[in-house]
Every structure is written in structure tokens, then in C-alpha cells.
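Asker: Residue numbers (the working numbering), protein chains in the order written: chain D, 1 to 588; chain Y, 1 to 588; chain H, 1 to 281; chain U, 1 to 281.
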Ligand SMILES: Cc1ncc(C[n+]2csc(CCOP(=O)(O)OP(=O)(O)O)c2C)c(N)n1
Ligand SMILES: Cc1ncc(C[n+]2csc(CCOP(=O)(O)OP(=O)(O)O)c2C)c(N)n1
Ligand code: SF4
Ligand code: SF4
Ligand SMILES: [Mg+2]
Ligand SMILES: [Mg+2]
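1. Along chain Y, in chain order, which residues have C-beta atoms closer than 8 Å to that of residue 69(H)?
2. Given the structure, does residue 150(U) come close to ligand 6, in the sense that its CB is under 7 Å from one of the ligand's heavy atoms?
3. Can you name, in chain order, every residue of its own chain whose Cβ lies under 6 Å from the Cβ of residue 8(Y), other than the five neighbours on each side?
4. Could you tell me the distance, in whole angstroms, from the CA atom of residue 581(Y) to the CA atom of residue 25(H)?
5. Verify whether the separation of the beta carbon atoms of residue 76(D) and residue 12(D) is less than 8 Å.
6. Measure the beta-carbon distance from residue 210(H) to residue 45(Y) and round it to whole angstroms, keeping in mind my assumption that it falls under 8 Å.
7. Taking the straight line between their C-alpha atoms, what separation do you get for residue 387(D) and residue 191(H)?
8. Quick one: which chain D residues come within Cβ less than 7 Å of residue 317(Y)?
9. Which residue from 426(Y), 424(Y), 423(Y), 395(Y) puts its Cα closest to that of residue 416(Y)?
10. So, residue 130(Y) versus residue 172(Y), is the Cβ gap smaller than 8 Å?
11. So if I threshold CB-CB distances at 8 Å, which residues from the stretch 233-258 of chain H count as touching chain U?
12. When the Cα of residue 7(U) is compared with those of 23(U), 111(U), 30(U), which residue comes out closest?
13. Taking a contact to mean a Cβ-Cβ separation below 8 Å, would you say residue 478(Y) touches residue 519(Y) in this structure?
14. Against residue 106(U), what residues of chain D qualify as contacts under a CB-to-CB distance less than 8 Å, listed in chain order?
15. Roughly how many angstroms lie between the CA atoms of residue 313(Y) and residue 451(Y), to the nearest whole one?
16. Going along chain D, which residues have a C-beta under 8 Å from residue 8(H)?
17. Taking any heavy atom of ligand 4 as the mark, which residues have a C-beta closer than 5 Å to it, listed down the chain?
18. Does the Cβ-Cβ distance between residue 223(D) and residue 272(D) come in under 8 Å?
19. Can you give me, in chain order, the residues of the stretch 359-384 of chain Y that have a beta carbon less than 8 Å from any beta carbon in chain D?
20. Taking the DSSP output, what are the residues bridged to residue 56(Y)?
21. With a threshold of 8 Å between beta carbons, is residue 262(H) in contact with chain D?
22. What are the uninterrupted segments assigned as beta strand (DSSP E) that are 3 or more residues long and contained completely in the stretch 469-507 of chain Y, given in chain order?
23. Do residue 144(H) and residue 132(H) have their C-beta atoms closer together than 8 Å?
24. Pull up the DSSP beta-bridge partners for residue 246(D), would you.
25. Indicate whether residue 440(D) and residue 327(Y) have their beta-carbon atoms separated by less than 8 Å.
26. Taking 6 Å as the limit between beta carbons, can you name the residues of its chain near residue 124(Y), skipping five residues before and five after?
27. Taking the alpha carbon of residue 163(D) as the point to measure from, which residue in 126(D), 426(D), 448(D), 37(D) has its own alpha carbon closest?
28. First and last residue of the alpha helix (DSSP H) that includes residue 36(U)?
29. Which residues, in chain order, does the stretch 119-146 of chain H contribute to contact with chain Y at a C-beta distance below 8 Å?
30. Quick check: does the Cβ of residue 363(D) come within less than 7 Å of any heavy atom belonging to ligand 3?
31. Taking 7 Å as the cut-off, is the beta-carbon of residue 469(Y) closer than that to any non-hydrogen atom of ligand 5?
32. Closer than 7 Å to a non-hydrogen atom of ligand 3 - does that hold for the CB of residue 97(H)?
33. Per the contact definition of three or more C-beta pairs closer than 8 Å, is the stretch 66-76 of chain H in contact with the stretch 89-108 of chain H?
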């Protein structure tokens, strides 16, 4: 029996690879297993290699997508070629025997999936459900749950299709039972406890967080991998008397988001790199006019159109520096699906509290990853409201009053006597255009003061593993889970390793980072991009030699990669290695 | 007699402040004086304070706008209030006696400018020309030149207006002669030598450089302070069979620039911050598709609409980091008007050589500053052409071939057999879409390799003053002249100061900078922005404690400000001062 | 009861920065007058503008205002109107702001029929940036960026916006603020997207389009049935004269009305945070 | 003499990535056929596209191609055509690419009358991003981002582009590649901006617009005088049927022609680098 199992399904886009995995995931998650999924699919609609992977545990939260699959399901030759290197002695390999023959595999399960679908079910599209039956048999998945999910998935398609799919499921299940020996070693243990969990994707968690934070307006333009935020909100926000509009482009989206927020609704937009680039000018306007907005950027592989369905952590620079001139903003990156929920709430809280744009940085792998997470306790979540000006007494509102913390009183259109002009021009405290040299400098200082407070906000940094020792790892966003898993394993091996995960990336948490780096002999910064953007950003504020470790392939790190790096640094030893060497070469 | 004189004219926008100064400048410059101008004017068309200043020398190149005026001309009370603090014992103050009375001034020249224009000339608009006559008398300006320029300026407006203006000029001249004592101490000496110079603004120098470099297509959208580049090119480029189009926005402008370059014409666009922000997505496309383009950003005060007619050096971050994902580009900042010419040539050369977008960063003060500069010797300027693929022999062109220096062979549409697809998607060597993890990493490396070569290009760094010693100053762009002047004065005072001016700002010239900083005890980085963008950028690559000195007021540094800072650092001494202290606070 | 409001209730303390003789003064007058005639509460009005001389208009009113960036007045106004349907929302700007950089937004607010009144001050030139060619500039005329004569035909804003499906389309003239006030007033009263094209000279940079030249070329629409779209298009395309007045007006559900329907429908299953979470349990 | 070219001279080695049954196959066929009929040299053709399923079309040709970013095919194509007037320049993309994010560019290429042939594959949906509402989607229909039904009226691309002053406006159907080829061919031959609106189903995400439904609603234009703009507008606004064929065609100087005139005029005082410098001496 297995406490943990990793299932990977690979095939051609359109063969049902993703839905096979999704149904299995849902069924297991609803039966109190912990799950963690990872998917990659072609940028084209049909054709091209698609892959879905789910790591299932009976032992509590799953930290990362994991490494080599225990159960590998391959629909065609291309999928086989893509995955051959992952096959080990103890891999159970399900494949369509009419598509290809594998070279070697310890437990080969040749099943004529396509043939069964065509001939026995009478619907070639059910191939993936036949396969789902086979997988369920091997894992001992809760069949009632699987059937329940199948039924609801096809509910709108009519009874006939439901029956066909249920038949496909049973047929696959039976085929394995009848044609292969029982393999109890692949069966999943029962989950260890019943928990109050929910199973959501990163994007869903962001949506939930936004609604909980009080977001009632969203404007967006479709783009992979952020579109499903717009789709989700389109369905749900109207039930909260909210507004969701697909605009003509991202420029209109952020303009409208700013307009709606100015008029008093907590507002957001969500996009990916290309759309975020187009929002550059308006980020500056939001900052200058001091309008709270939340901009979600679900990063994908760049530059330009790049690899639209692949993951990357390469928009940090744009999030921090993207605008002409200098206008403060806050950049937040959640570290896992649960954190997507809480950081979405925090993004709105920070935006409202400091009256500025907040960027919430996720990426394809995190946005589209499904994880089992503890159900949030709503009563324990605090939500910040904009500080409204009161007692105007007929005097003009000093909307941009210079205050100690840079935050000024605000009115909303419709508020009696609160009239002011929100403007992108430099202005005096009342909002009137002002080009006086001293006032410009004062207003710049006023706006940037907000960041001095924001950088002291609690709970924007997480730390795991050793608190001091040999190797300290600083990482961000979707990479955090992999690092945590590697750190645990390294500690189990007796290596002294700890990790710091800043979730507020800008303003830079210099104090916490300085503190952390002073406790370790070597500092490793792994990230999914080419130039080492977090490492570079840290260097602007903290004088420290960092070992930048980048991977720029459109796919996440694996725990083994990080672990290997940890071991390598450990073996190099402390004395033979001068920090300077790394520092000098890290960015070359 | 004066070897050098600084004239400042202040008044309301629309009163002819700018043209008074421009005519004077032209007349003196054409008579072989060296000039250096600085202007500031309201963002509104009419009304608001406008100022024009020209520093005139008989001794060779003028390094900066200078400090307090010798001859101050004030049209109204607002202008007086703005300039009162600059009035010293030996200032000669011309003012309209019907507008205001100054509190104090050593040599007050009350002239009823408006009244003379109305009553004696019969045209109130000639007020500024009356004033020009007065200034000319005092300086002993070459009246023939002044008349010549007046005539050509009004050539299209008819003889009557020319006569009126000439009359106004004489009247002003005579008024001074008749009503005030002769003051030979304000007369300009004759210029020391006849030189082969030209007198141009920064923007004009960029235009000339672009044409010389072979630019034959420009697409742009008007924006202060870059519009006159578009206007100049509109007039001149058609004579070189070139194309200039005012597009519907900056996005279209850069798209068309990229298209024209793809089709084989050297192409550029010019804009300021807001337009540059809108180009963010397309900067990434040019980088990914490897299309050479030159983007001029004449910076103005931000963020957002900011102070459109005021100067600032605050788009460096955007120039370096502005795009989602990571695509290499080169950022170049000329250090004075002469350099505008040469760096424009270099911008095209670098773009063509490395097949990527080049940003040419200037700012309002440099773009609109007029300087006397040595006439370029065209035969000594080398111009780079794109490396065309030849001998295709029926094989598909490997347009994105991975080469040692990252630069690949290129064909132009129309070239027989050279067909390829330029694309923003990640691609293989032939340009076909490719999402393979290894290929993405290889292609990223290929594209970034270009920067490794580019950073070694010669002549992108200037150095002045002491080569080692107490204080090293690193500065960029329009600030260079002021710093050079301050450094000279400091050296004359016996202080050991030197300055390094990187003109290629990205890739960061780490080698030269490291070398420079190792020769000085303290490093000062003065720049016209709020966060210290160059200092921050240097810290990402060079581990050094910098003293960031920022001014964010929409106006340039003065030599005295820099000199004061140099003295202050000198007095603090070396031992009492730990570099770390500065480093830690520089960005707070 | 609120006492009768006066013109001063709509004027801010800022003095307009326009050049003497600028057409935009007339437009501002028209805006004041329309608000006065309707006795609008200035605290319940939001005026949004883009960048340009014309874009300064909101500063001179006592309404809630938003001076957005170049070309973005319409999507900003849309956000405001959706967030607070109680507000009267106006957008204002120039020909460049509206039809060049911002031109892509008009079709989409028009087809939404969102209740915004959009006033474009057309001087056939870029005023604030000092005299460049504009999308409404005529063919062959010279400008600082078209020294060999404009190589493009000017667009016809009225025809364009009619083809976008706007439900109120009118043309006014800043030389006739009274008529303009009426057109704006009707636009504000109209429930849906109202577009008012205003001929508004820039005496400083456009020497060709003057109050006089406009007077000579324009005539008030007469006997035109504003419910007939094709006739409206004919009128717009008329090469003999430029017509002033209401070209087209049509009743159609506004975007906010349609949103109200959505909210009504959605409220049959009103949103509940715990239920939402439960769905993923 | 160049031997007669065959269909293969226009096909690249890449296999189209579209779903089986996608309308875009028909469009690609039409493009091949038009080029073949005109015996174009593929090395002298540049095809530019934006992002979308439709935006993949250039990859499947043997022409010089530019796969630009979302919405920017037209200004990119303009840059190409101006830089090298010898080239035949095509632009291609989807309804979202063309009329949503890229919609602001069309009026300005149209009024320039630049010699580009622009083909829009309209499936009334966002295909590549999997089924969101498009600017051409009809009112009330549901989409993933309009689950309560589309609250906006769809635009009418033909009427729009007519009002922009385009000089060749036609509509085709990917279910009739022969007719489409003819329309494209005419568009390429037309000296000026040619716009071809193509009804092209997306069977994967838009279940409402099918080859069958389009056939039922469309009819070829008959006895229409394509030189009459108002009649063309009438035809476009016809609520009884969707017409296929040439709506409008008109001879007008192309942008490149006008540039040629500028160059001719300018060459009376040809540019000279030393003279330029001398001017500032
Ligand atoms: C993104 C951007 N591009 C360019 C500008 C510069 N700019 C300011 S106003 C303007 C055009 C003004 O013309 P118009 O909209 O017709 O207004 P007018 O001044 O004529 O009233 C331009 C190009 C800007 N502010 N922002
Ligand atoms: C700036 C930007 N925003 C969004 C996207 C995502 N995107 C890709 S294609 C597309 C729309 C596709 O619809 P359409 O243009 O109709 O083409 P189709 O796929 O239907 O042929 C979108 C929104 C993008 N690539 N770039
Ligand atoms: S420049 Fe023209 S549009 Fe601008 S304020 Fe002056 S007259 Fe009016
Ligand atoms: S999704 Fe639709 S438009 Fe895209 S390839 Fe498939 S059928 Fe064609
Ligand atoms: Mg205008
Ligand atoms: Mg489409």
C-alpha cells in the first residue's frame, strides 16, 4: 500500500489527458486525500503534447509536484518519448498498445484503450475514461466518487453520454482486473484523517480571496493562464451584485478598474505578461492619482508571446519597475495555492490601506495547480476599507494632503462636498496642477513614504528549515513548495539548510533578508527565469553575495534539482568557496 | 569686458520669452561664440511661467547651463518672484517698469517694454524684440546678425512685420543707449577664434545623427519634449527618400518601426515617458524577433503625466526592465548635445549589429538645450549595416541560428529564397514555434549572448578629472556637463575628484565601473530622479557602496550644488565616514 | 428642498488656462449651462478627460473629476458609471485623444450603450503639443508633422460613431454655446451612450479652422428624422454642408439596465461566501 | 522566364495546427489559391498576423511572414509596405485581434488607403483562448466570460470599415474557398486598402456559428453597384440577410502613391548630409 503516489498522464492535446487527471484528482480530493497537480499543454488548441500530473498523499499537505511518477499513463508515442527518461524499475506504465511499444518498463500495462472505446463503448472520445477506470482499479480509488464526478461533469450533455462514460469507466476497471495480476503495492492507503479542506486551483483561490476581500468589480481581457479568473468572476461576482466586464483590451481593462475604484468599488484586473506590459502606463496613473487597484499577473514564459502555456517567473522586473517615472506600488507573490487565497486578500488590503496599485504575481504552474488546502475561516480574516474623509465642512478636500505616512483622506464621487480631481499631473494637496520644484519633490516623498510603512507590514515573509547554518535559500512564488520539500529532505540527510520566502517582493524586505543572510554561510536564490530577477532585486538593497540559480525552460524546478544544488554547495565546503566568486559571475 | 556671460529671460508663456532667447542665441552662435541654453516653460500653451537662459562664452565649449545670471530680464511680477533669489550685487536687471518694481538690484534697468511696443511700434507683440534690442546693446551683440535672424524668422510673415520688428529692435537698443550709463563690464569680448562649429539642440543633433546613420523611416506620435524630432524628420527625411508617419498612437508607431526595419529600412521612433510605457510590449517583440530598432525616449518629469515640460532622469528603469519576460536590449544615454549626434549614430549601429532594440535616453533639458558643438566630420563616421545572409542555395534560412555571438544571419523580404517568419513565439533556429524546455533555454542564452559582446564595445564610457583620489562621481546623461564643471572647479580648489560617465547604461559597464570605483575612496552618484536609478542599477552588478545623491524637482542640478556636495564629502573626511552607512541609507 | 443652483455652483476656482479665443471656452460654457439647466448636483457628477488642451475642462468645474491619461477617458468613465450608476458621467477630450490614441475604445462603449455623455472638442489639430496633424485634419493641408501636406483623409467622427451603433449622436459648435448646451443637456438626459462632436477652433495653431470658417460651412439640421439611421448617415456623409444638431437618437436598453437584469437574475441564487467555499470542499 | 508556379510553391512544411473542421483551413486554401491565380512570387509577399488561432496562418505559407503580437498586424504591415512598396502585403487575424485589441488601428490604415489586403477570420469567439465573447458575438448569446448572456451588441465589421473610408470591402465565407480566393485576389489587385471579412466557424468553441448556420443566413450579393457607398452601407445594415461578395470598391490614390509624390516633390531639393550640417553652422 502506498502513502503517497504520483500519477502522470501524457498524450496529445484534445485526447482528454487533462480531464482524466482532473476527474481523478477531484475524486481523490473529495475523499480526503491531499492532492497537488501540475499540468502543461500546447499553445495550440488541438495537437501537441499535453500532460497532467497529480501527486496524492494520505499524510497531509503535498509540498510540490514531485519527481518521477509511480503510475505513468501514455496515450501515444510522442508522450512516450517525452517521458521515457522518467521510467524506472518500479514504474507502472499504462499505455495504448496500438500506438507504440515501450522499450522497457517494469510493470507494463498494455491496454488497447482506443480500441475498447471504439468497439466496446462505441465512442472513441471515451478513451480517456476507459483509462481512468484502469487507473482507479490500480490505485483502489473510491469508485462512487469517480462516478459522481463523471455524472456531474456530463450532466448538461444528456443521459446517453453519461451512460457511455460510466460504461467506459467500468470497462477499463474490469480490463485491468481481468488481465493483470493484483498489485497491492500500488494501492493507496486510506487517508489518515477527515479534514475540513477544500480543493482549489491557484486561480480559484485568488478569486475566492478577492471576493472575500470585498472585490466587487473586475475588468479583464482573456489571456492564458489568467483567463479562468475572468471566467470565474463572470459567473460568480454578479451574485454579489458585482460587475465583471471583458473589455476590448488590457489598457481599457486597467482604465476601467481604476475608474471603478475611484468611484468606490474594490476593483481588480487579471492578466499575463503581454497584457501586463500594455498596462504599464496606467500603473503609473494609479500610483500618481493614488487609486487602489489589484492587478493579477499570472506569469508565463516570455519574452513577447513566448511560450503561452508554459511557466516562468520572469515578470518581477516589470512588476517592480514597469512605468516611466517613479510611482510606488506593492508587489506580492503567493507561495502556494493556500497562499493565493490569503495574498489575494492582502493585495486588496494593501491597495486600500496605502491607496496604490498592488501587483499579485503568480505563474502558470501555480495558477493552474490544484491543491488540497485548509478551508479558510472567514471570521478570522480581516478586511481593510479605504479611509474616507469626513467632516468636510465646506472646505475643499485636501485629497493629496501630505501626511506622516503618505496616506491622505479620500472621498468618493457622490459624497457631498468631497469634490476633488484625480489626476496624473503633478499636483498640490488639493489636486490642482503644480509644477513647483519643491512641491514635486515633496509629493514624490509623500507617495514613497507609503512604502516605508508597507515594508513593515507583518506576515509577508515565511521561513522554514534551519534558522542558521550552512545554506540559506531565498525563493519566491511557485518555487517555494519545491524548495521546502528539498530543504526537508536535506535536513533529513543532516545538512543544515533553511529557506526564506518573501511574499512581499517590493518594497524589498531588506530587514528580514539581511537578518536571514547573516545566519547562513551561503545564500542560494533559485528562480524560474534567465537573469535571476529576485537575486538582482535583492542586490539593489542588501549588500550580500548571492548564488543565483536559474532555470529557464518553461517548467518548474523539481525537488531533486534543488536538493542536488544543496548537496553540491555543501560538498564544495565553506572555506574553499569564496562568496565573491559567485557574486561576480551570477549575472554574467 | 566679459569672457563669459549668462543671460536669463523670464516671463509668461506667450510673451516671447523663448524666442527672445533663441534669436540672441542664434546671433551670438553664428558669430562664433559658444552657447549653452536651458529652457523651461509651462505645460499649458498660454500663461504660466516660461524661462530661457543662455550662457555665452568666448573661451570654448560651455559645459553647463551655469548658475546665477549676469543679465536678468524679467517681464512680469511672477517672473520676478521666481528669480528674486538669484539677484546679486552685480546682476544687471532689465524689467518692465510698468509691471512691477524690484526690491533690490545692483543695476536696475527699468524699461517700459510693453509701452514702447504698443505706443512706439504699434504692435504689443514686439515687446520681446524691444527687449532683445536692449540686451544686444548691453552685451554689444553683433547687430547685423541679429537683424539677419529676425528677417529670416519673419520671412514668411510679410515685409511689414519685418519692418516693425527691426524698428522694435533699434528702439530697444537706443533706449538703453540714451537712458543708461555705458557699462563696458557687461560687454562681451570678441570670440577667441573662428571655428568650424555648428549650433544645434539635443533633439536636432539626434535627428542629424539618425540621418547620418542611415535612418530612412520614422514613425512617431507627438509628445513633449520629443515632438520636434518627429517634426524635423517629417521635413527632412523625405528629401532622402525616407518615410515619416505620425501614427495613431505609440503602439502603432513602434509596430510600424519594427515592420519597416523587418522590411529592410533602418527605422526609429521617438517619444517621452507615457509613450515609452505604451511601447513596453513591443520592446519585447523586437527583442524576441531580433529586429533592430531605435527608440528615443526624451525623458520628462513623471510619474504618469507628471510635469510634461520639466526634466527628469527617471525612465532608466523602464528602459532597462520594461517588458514582461526577458529580452535583451541596449540602453544608451548621450551626455551632451555633441554626444546626442554620436550616440544616435551608435544607437543605429548597435541595433543593426546586434539585431535588437536600442533605447536612446535623453531628457527635456538635453533635448531642448542648444549648444555650440564641433561640426562632425562625416567621412570619419562609420556606419554599420545589417549582416545579410547570402548563398541560401535553396536551403531554409536559419534566421535564428545559434551562433557564437548570438547574432544570426538575416534576409529581407524580397530576397530570393530567404523566406522566414519573424515571430514573438519561442522558436527553433528556423523560426518555427518550439516549446521544448532545452530549446527555450538555448534561445534565451543565444539572445543574451549579444549583450556580452555589446558590453565590450569601445567608446561608451567617458572619464574626466582625477583618475584616482578622494571622490569619484558616476553620472549619466544631461547631468554630465554640470558634474564636469563642478569637477573642474573642485580640482582648481585642490580637491581630488574625477568622474566617470557611462553612456551605455545597459548592459551595465561593470568592468569600467569596478575599475573606476576601486580608484576612489568615495563614490557619489548624482541623478535627477527620486530613487537613484543609476545607483540602483550599478548595485545589481557591482558590489560597491555608492552615495546616491538625487534631486527630483523637474530642474537640472547646478554646478554649485554638485560642488557643495563634493566639498561636504571632502570635509567629512575619509576615516570618520564609513561607506556602509551611506550604502544602507541611500535607498531608504 | 435644495435651493435653485446658480452657474457658480458649477465653476471651480481655477482660471481656465486656454489661449484667448480658444473654442474650448465655449464648450465649457455649454457644459456649465447644460448642468445648470438640468439643476444637476455637482457632487453627483463625474467628468473624465484625457490629455490635451481640451482635457483640462474638468478642472474648471466643481464636479468630481478624473484627469486620466491620453486616450483613456472612455474606459475610465465606464468604470465609474458601472461602479456607481447614480452618477451622471461625462467624458471630454480632443480629436487626437478621442480618435487617434483613444479611437479603439469608442466602438466598445458605443455598442454597450453605456450611459455616458462624451464630448469631443475637434479643432482638427493637436493643440497642446503645438500644431501636429490630427485624425480629423483634412487631406493635403499642411501641419508641423505633415509639411508636404497631409497624406491621409480626415475621419468623419459623426459617421464613424453612427456606424458604431451609438444611440445619441449630435454635432455642436463652440461658437454657439447655447445650442451646444442644449445638445449636451439632451445627451445627459439620453439613457445610453451620447456622443457630441463639437467643432471648436484652435486659433493658436490651426489658422484654417476659425469661428468664421466654421460658420460659413455649417448649418443646423432641418426637418431631419433623428430616428432614421440611414438618413443620419446620409446627413453625415453630405459633402455640401456640415450639419449641426441631433443626427440620431434611439431608445435602447442601457448597459446599466442590462446589468440590473443580470443582478436581478443572479440574485435568485445570491452569492454567499461560505457556500462558495463549500463548493470546493 | 519563371515556370508556372504550383500550389506547392505557396505551402510551407508546417502542418496547420487547427482543430479538424476549423474554418481557417478554408481561408488558408483561399489564400493559396489567390496567390496561385496571381502567380505571385512568394519571396515578394509578406504576410503579417496577430495572435489567435487565425494568427497562425502565415506559418503555413512559403512567404516572408511576421507573427506580430496581439492586435498589431496592421501597423506592422504598414511599416513593411512603406519600407518596401514592391512587396505584396497581406495581414490576417481574428475578430478579437482585429476589432477588440487591434480595433483602433483600422480607421487609420483605411484612411491612408495603404495597399494592404487585410483578412479577418470571424468566428464570433476567441478561439485560441478557449471560448470567450468576441466583439462580433451577438447580444444575449452566452460565452465563458458572458455566462448571463452577452450584454453588448456585436459590431458589424463591414459597416464599420465602410465608414472608415476603406476603398475595397468584401465579405467571404470559409465554406466557399473558391469565392474567397476570388475576393482575396481582387483585394490584392486593388491598389489601396482592402478589407475582407470572412465568416469562419470555430466548431470547437462556438457551437452556434456553424458552416450550416452560415449557409442558411448568407447570400451572394446580386446586382449591387459596388461603387455606391451608401448602397454598400445599406447592404451591410440589411437585417434580413448577410451578404457575401464585394460591397464596395473605389479608385483612390494609395498611400504609397502619395508618398511617391512627396518624394518627387522633395527630390527637387534632395537631401545632402553636408548641407544639413551647414544649415546649423
Ligand atoms: C501616451 C501619450 N502620448 C502622447 C502624449 C502627448 N499629448 C498630449 S495632448 C496630445 C494631443 C492633443 O491633441 P487633442 O487630443 O486633439 O487635444 P487638443 O489639445 O487639440 O485639445 C498629445 C499627443 C501624451 N500625453 N501621452
Ligand atoms: C496583449 C495580449 N492579450 C491577450 C492575449 C491572449 N490572446 C491570444 S489570442 C486572443 C484572442 C483570440 O481571438 P481572435 O482574435 O478572435 O482569434 P481566434 O483564435 O478566434 O482565431 C487572445 C485574447 C495575447 N496574446 N496578448
Ligand atoms: S493651443 Fe489651441 S486648443 Fe490649446 S488652448 Fe490654445 S487655442 Fe485652445
Ligand atoms: S479553437 Fe476554433 S478557431 Fe481555433 S483552431 Fe480550433 S476550431 Fe479553429
Ligand atoms: Mg485637437
Ligand atoms: Mg475569433
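Beta carbons: idealized from backbone N, C-alpha and C, even for Gly.
Answerer: Concretely, from the data shown:
1. Taking the first residue of the third chain as position 1, residue 69(H) is located at position 69. Those are 274, 304, 305, listed as they occur along chain Y.
2. Taking the fourth chain and counting its residues from 1, the one referred to as residue 150(U) is at position 150. Outside the cutoff, so no.
3. Locating residue 8(Y) in the second chain gives position 8, where the first residue counts as 1. Excluding sequence neighbours, residue 8(Y) sits near 53, 69, 72.
4. By one-based count along the second chain, residue 581(Y) stands at place 581. By one-based count along the third chain, residue 25(H) stands at place 25. Residue placement at residue 581(Y) cannot be trusted, given a pLDDT of 36 that sits under 50; the coordinates are not used to answer.
5. For the purposes of this step, residue 76(D) is taken as residue 76 along the first chain, with counting starting at 1. For the purposes of this step, residue 12(D) is taken as residue 12 along the first chain, with counting starting at 1. For residue 76(D) and residue 12(D), yes; Cβs fall inside 8 Å.
6. Mapped onto the third chain, residue 210(H) falls at position 210. Mapped onto the second chain, residue 45(Y) falls at position 45. 17 Å between Cβ atoms; not a contact.
7. By 1-based counting over the first chain, the position of residue 387(D) is 387. By 1-based counting over the third chain, the position of residue 191(H) is 191. In a straight line, the C-alpha of residue 387(D) is about 33 Å away from that of residue 191(H).
8. Numbered from 1 along the second chain, position 317 holds the residue referred to as residue 317(Y). Under the 7 Å cutoff, chain D gives 321.
9. Position 416 of the second chain, counted from the start, is the residue given in the question as residue 416(Y). Checking every option, the nearest Cα to that of residue 416(Y) belongs to 395(Y).
10. Sequence index remark: in the second chain, residue 130(Y) carries index 130 (1-based). Sequence index remark: in the second chain, residue 172(Y) carries index 172 (1-based). In this structure, residue 172(Y) lies closer than 8 Å to residue 130(Y) by Cβ.
11. 233, 234, 237, 255, 258
12. As a position in the fourth chain, residue 7(U) is number 7, starting the count at 1. When only C-alpha atoms are compared, the closest one is 30(U).
13. Counting from 1 along the second chain, the entry for residue 478(Y) is found at position 478. Counting from 1 along the second chain, the entry for residue 519(Y) is found at position 519. No, Cβ-Cβ distance for residue 478(Y) and residue 519(Y) is not below 8 Å.
14. Counting from one through the fourth chain, the residue named residue 106(U) turns up at place 106. By Cβ distance, chain D contributes nothing, its closest Cβ being about 13 Å from residue 106(U), past 8 Å.
15. Within the second chain, residue 313(Y) is the residue found at index 313, counting from 1. Within the second chain, residue 451(Y) is the residue found at index 451, counting from 1. Going from the Cα of residue 313(Y) to the Cα of residue 451(Y) covers about 23 Å.
16. Position 8 of the third chain, counted from the start, is the residue given in the question as residue 8(H). Here the premise fails: no neighbours, minimum Cβ distance about 14 Å.
17. 45(D), 18(U), 19(U), 22(U), 53(U), 127(U), 202(U), 204(U)
18. For the purposes of this step, residue 223(D) is taken as residue 223 along the first chain, with counting starting at 1. For the purposes of this step, residue 272(D) is taken as residue 272 along the first chain, with counting starting at 1. Yes, the Cβ-Cβ distance between residue 223(D) and residue 272(D) is below 8 Å.
19. none
20. By 1-based counting over the second chain, the position of residue 56(Y) is 56. DSSP output for residue 56(Y) lists 5(Y), 35(Y) as bridge partner(s).
21. Reading the third chain from its first residue, position 262 is the one you call residue 262(H). Yes, contact with chain D.
22. 469-474, 497-502, 504-506
23. Position 144 of the third chain holds residue 144(H). Position 132 of the third chain holds residue 132(H). For residue 144(H) and residue 132(H), yes; Cβs fall inside 8 Å.
24. Residue numbering aside, residue 246(D) sits at position 246 when the first chain is read from its first letter. Paired residues: 220(D).
25. Numbered from its first residue, the first chain carries residue 440(D) at position 440. Numbered from its first residue, the second chain carries residue 327(Y) at position 327. Taking 8 Å as the Cβ cut-off, residue 440(D) and residue 327(Y) do not qualify as a contacting pair.
26. Sequence index remark: in the second chain, residue 124(Y) carries index 124 (1-based). Cβ within range, chain order: 117, 118.
27. Locating residue 163(D) in the first chain gives position 163, counting from the first residue. Per the Cα distances, 126(D).
28. On the fourth chain, position 36 is the one that residue 36(U) refers to. Here the alpha helix (DSSP H) through residue 36(U) covers 24-38.
29. 126, 127, 128, 129, 130, 132, 133, 135, 144, 145, 146
30. On the first chain, position 363 is the one that residue 363(D) refers to. Flag unset: Cβ of residue 363(D) not near ligand 3.
31. Here the question's residue 469(Y) lines up with position 469 in the second chain. No, ligand 5 has no heavy atom inside 7 Å of this Cβ.
32. By 1-based counting over the third chain, the position of residue 97(H) is 97. Residue 97(H) Cβ: outside cutoff for every heavy atom of ligand 3.
33. yes
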